[in-house]
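In this note's numbering, the protein residues as written are 28 to 157. Think of the CB as a built atom: it goes at the ideal place given N, C-alpha and C, for glycine as much as any other residue. Please read the structure below before turning to the comments.
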């Protein structure tokens with residue numbers, strides 16, 4: 028997330044909806060950028076990774092299955108909430124945002140919030156207000 032504030036996508040484009048020669052172009056919804064989808068895909072794989080970690084007694088404990096499940100859920104909540112907080116902080120320090128960059132950022136944030144919701148973690152309020 029470190030390079031996120033300096034991405035050129037935030038400053039991209041001139042007047043929204045204008046093509047070369049000043050012709051009006053249709054506007055389409057933006058797809059999330061590759062860095063956001065990569066983070067989302069990683070977060071979506073975490074439940075499987077944590078299940079293997081705590082389910083196979085790799086921690087060397089004598090915990091019950093319910094305790095293993097609770098531990099995995101706690102780890103997942105902490106990691107996903109932490110990623111959401113870091114993402115929100117990275118967004119807050121974007122130095123310049125064009126109208127087209129704002130559309131892109133909205134698509135990225137919506138995707139990230141959907142990933143968090145799918146993992147049953149509430150997105151931070153700072154992401155919901157972007």
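Coarse secondary structure for residue i, derived from DSSP in three states
i: residue 90; result: coil
i: residue 81; result: helix
i: residue 47; result: At residue 47 the pLDDT is 49, less than 50, meaning the model places this residue with poor confidence; the figure from the coordinates comes in the next sentence. Helix, per DSSP.
Nearest-angstrom Cα separation, counted from residue j out to residue i
i: residue 91; j: residue 74; result: 18 angstroms
i: residue 102; j: residue 34; result: 30 angstroms
i: residue 156; j: residue 99; result: 29 angstroms
i: residue 76; j: residue 70; result: 10 angstroms
i: residue 148; j: residue 66; result: 15 angstroms
i: residue 119; j: residue 96; result: 34 angstroms
i: residue 114; j: residue 40; result: 23 angstroms
Nearest neighbour of residue i, chosen from the options [CA to CA]
i: residue 141; options: 68, 40 and 78; result: 68
i: residue 151; options: 104, 122 and 123; result: 104
i: residue 125; options: 38, 29 and 31; result: 38
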